[in-house]
Amino acid sequence: MPSNAGQLPSTYKGLLFSSASVPPTVASIPTPKVEYGTVIVRPIYGWVFNYAADIYTNGNPRNYPVQFPVVGGLNGIGRVAAVPPDAANLKVGDLVVIEPFVRQRDGAHKVNIMGIGMTAEYQGVWAELVRLPLENAVRVDEAALQRQNVSLRDLAFYSQLVVSYGGFRDVALTAGETVLITPATGNFGGAGVHVALAMGARVIAMGRNEKILAELKAVAPGRVETVVLSGNVETDVANIAKYGPVDVYQDFSPPMATNKSHIQAGILSVRPGGRVNFMGNVKDLEVPYIAIVYNGLRIQGTLMYSREQAQDFIKLIESGTMKLGPEAGLTTKGVFKLEEWEAAFETSVKEAGAGRAVYFAPNQDLL
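Residue numbers for the sequence shown follow my numbering, so the first one is 182 and each next one is one higher.
Encoded structure:
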């Protein structure tokens, strides 16, 4: 047992969902034990993603494999509250990012989507405490953040940004290349615009929301071009072609997407020998098979990112290469206590889109 176990309270508050069809309650929950291979973290900011209500309260129409009852919340940032005897690097008080998915440890390399905030084994981050696998707490150099004038609230955008980075790394994006991103107006696609810029790429952002597209273009005029989705493959291909050949196409299409013509347009816009990176969640897709074969395209599916990629992305933040904060076009639209969950969910839907975030702050003393 770690020497600091006595510092933990016997119970903690968490936003508990008993099922996907009833409102949650702020409940008192027994504090878990610190076992080998686990760590306990005090969340500072827990991201409230815009589809949170669809997972936890609206009947779960997306069919996420959630095991109720459960404390919600998949990812965020926090401070280490207790470490196990086998912790080699983490210390109490360390600032960490909280990774949402649990990977098997026996060499299978398979992501277990029964991760943080989706199962009783690992309750979520919308709470005063959260127990994680040791490898799901990735340390951040706080002194480096201070040198770059990055606040804790700015750092919380990590949860959105790192996803596209995993995809870009998988297809070996290099500086100077042109990236097409669809839909670029959502949280993950919009984050991809920022990440691609930080990696030295030029971006074609494609989506339906013209207001958000204009905001993305303003982030880096001359390096970000925008295309409004037309719903027609030929029209979209012609509009993309105005900005030159595409080296990498990254897609984040959600499960409710009905017209998927933009995906075909994206594939058809990639240069011979280029790469296509699928990171979305569409069920079925018709692809331009002959174009893929004749142009020698590489298609890469990516689910999130690896621990190594997460650590490397944190280095981009620590070095100042990945710019954060309102000046970079990344704005926090609301911070809420657990008891204010209705307002948090409503705000996350209202303010959904690229460059926007809403958070729970379970531990007000850490702000």
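Every residue, glycine too, gets a C-beta built ideally from N, C-alpha and C.
*Using a Cβ cut-off of 8 Å (strictly closer), state whether Arg334 contacts chain B.*
Of the protein chains in this structure there is only one, and it is not chain B.
*asked:* Could you tell me the alpha carbon to alpha carbon distance between Thr439 and Gly412, rounded to whole angstroms?
replied: Position 258 of the sequence shown holds residue 439. Position 231 of the sequence shown holds residue 412. Distance between the alpha carbons of Thr439 and Gly412: 10 Å.
_Gly352 versus Arg286: straight-line alpha-carbon distance, rounded_ = Sequence index remark: in the sequence shown, residue 352 carries index 171 (1-based). Sequence index remark: in the sequence shown, residue 286 carries index 105 (1-based). In the sequence under discussion, the amino acid at residue 352 is Val, which differs from the Gly named in the question. Distance between the alpha carbons of Val352 and Arg286: 25 Å.
*Own chain residues within Cβ distance below 6 Å of Asn420, not counting five before or after*: Against the sequence shown, residue 420 aligns to sequence position 239. Hits under 6 Å: Val408.
*Decide if the region 420-431 is in contact with the region 390-400; the criterion is three or more beta carbon pairs, one per stretch, under 8 Å apart.*
no
*asked:* If you reduce the DSSP assignment to three classes, tell me which class Asp351 lands in.
replied: Translated into the one-based positions of the sequence shown, residue 351 becomes position 170. Residue state, collapsed to three classes: helix.
*Phe526 versus Thr483 - alpha carbon distance*: Taking the sequence shown and counting its residues from 1, the one referred to as residue 526 is at position 345. Taking the sequence shown and counting its residues from 1, the one referred to as residue 483 is at position 302. Distance between the alpha carbons of Phe526 and Thr483: 28 Å.
_To the nearest angstrom, how far is the alpha carbon of Asp465 from that of Ile444?_
For the purposes of this step, residue 465 is taken as residue 284 along the sequence shown, with counting starting at 1. For the purposes of this step, residue 444 is taken as residue 263 along the sequence shown, with counting starting at 1. Roughly 12 Å between the two C-alpha positions.
*asked:* Quick check: what's the CA-CA separation for Gln304 versus Gly257?
replied: Translated into the one-based positions of the sequence shown, residue 304 becomes position 123. Translated into the one-based positions of the sequence shown, residue 257 becomes position 76. If I take the Cα positions, the gap works out to 13 Å.
_Helix, strand or coil at Phe433 [DSSP, three-state]_ = Position 252 of the sequence shown, counting from 1, holds the residue named residue 433. Coil.
*To which residues does DSSP link Phe459 through a beta bridge?*
Working through the sequence shown from its first residue, we reach residue 459 at position 278. For Phe459, which the question treats as bridged, DSSP gives the partners Asp432 and Gly482.
*Thinking C-alpha only, which one of Phe433, Ile221 and Lys518 is nearest Asn135?*
No information on residue 135 is available, as it lies outside the stretch 182 to 548 that the chain covers here.
*asked:* If I follow the unbroken beta strand (DSSP E) through Lys514, where does it start and stop?
replied: As a first step, residue 514 is located in the sequence shown; it is residue number 333 there, counting from the start. Note, Lys514: beta strand (DSSP E), Thr512 to Phe517.
*Using the rule of at least 16 other Cβ atoms within 10 Å of the residue's Cβ for burial, across every protein chain shown, is Ser332 buried or exposed?*
As a position in the sequence shown, residue 332 is number 151, starting the count at 1. Burial call: exposed.
*Per DSSP, what kind of secondary structure is Ala438 in: helix, strand or coil?*
Numbered from its first residue, the sequence shown carries residue 438 at position 257. Looking at Ala438 - three-state DSSP - the assignment turns out to be coil, as it is neither helix nor strand.
*Below 8 Å on the Cβ atoms is my guess for Ile362 versus Ala386; work out the distance and round it to an integer in Å.*
The residue you call residue 362 lines up with position 181 of the sequence shown. The residue you call residue 386 lines up with position 205 of the sequence shown. Yes, they are in contact, since the Cβ atoms of Ile362 and Ala386 sit about 6 Å apart, within 8 Å.
*Would you call the region 260-276 and the region 317-324 in contact, with 3 or more CB pairs under 8 Å?*
yes
*Strand pairing of Ile279, partner residues [DSSP]*: Counting from one through the sequence shown, the residue named residue 279 turns up at place 98. Bridge partners of Ile279: Gly257 and Ala318.
*Give, in chain order, every unbroken run of the alpha helix (DSSP H) that is at least 4 residues long and sits entirely within the region 339-397.*
339-351 and 368-379
_Buried versus exposed call for Asp546 [16 or more other C-beta atoms within 10 Å across all chains shown]_ = Looking up residue 546 in the sequence shown gives position 365. The residue is exposed, with fewer than 16 neighbouring Cβ atoms inside 10 Å.
*For Trp522, which three-state DSSP category applies?*
For the purposes of this step, residue 522 is taken as the residue at position 341 of the sequence shown. Three-state result, Trp522: helix.
*For Pro250, which residues from the same chain have a beta carbon less than 7 Å from its beta carbon, with the 5 sequence-adjacent residues on both sides left out?*
Position 69 of the sequence shown holds residue 250. Same-chain partners within the cutoff: Leu197, Phe198 and Ser199.
*How is Gln188 classed by DSSP in three states: helix, strand or coil?*
Here residue 188 is taken as the residue at index 7 of the sequence shown, counted from 1. The answer is helix: DSSP assigns Gln188 an H, G or I state.
*Which residues mark the beginning and the end of the alpha helix (DSSP H) in which Val414 is found?*
Stepping through the sequence shown from its first residue, residue 414 is reached at position 233. Looking at the DSSP string, the run of the alpha helix (DSSP H) that includes Val414 is Val414 to Ala422.
*Go to Phe230, then tell me how far its beta strand (DSSP E) extends in each direction, as first and last residue.*
As a working note, residue 230 is residue 49 in the sequence shown. No beta strand (DSSP E) holds Phe230; DSSP gives it neither H nor E.
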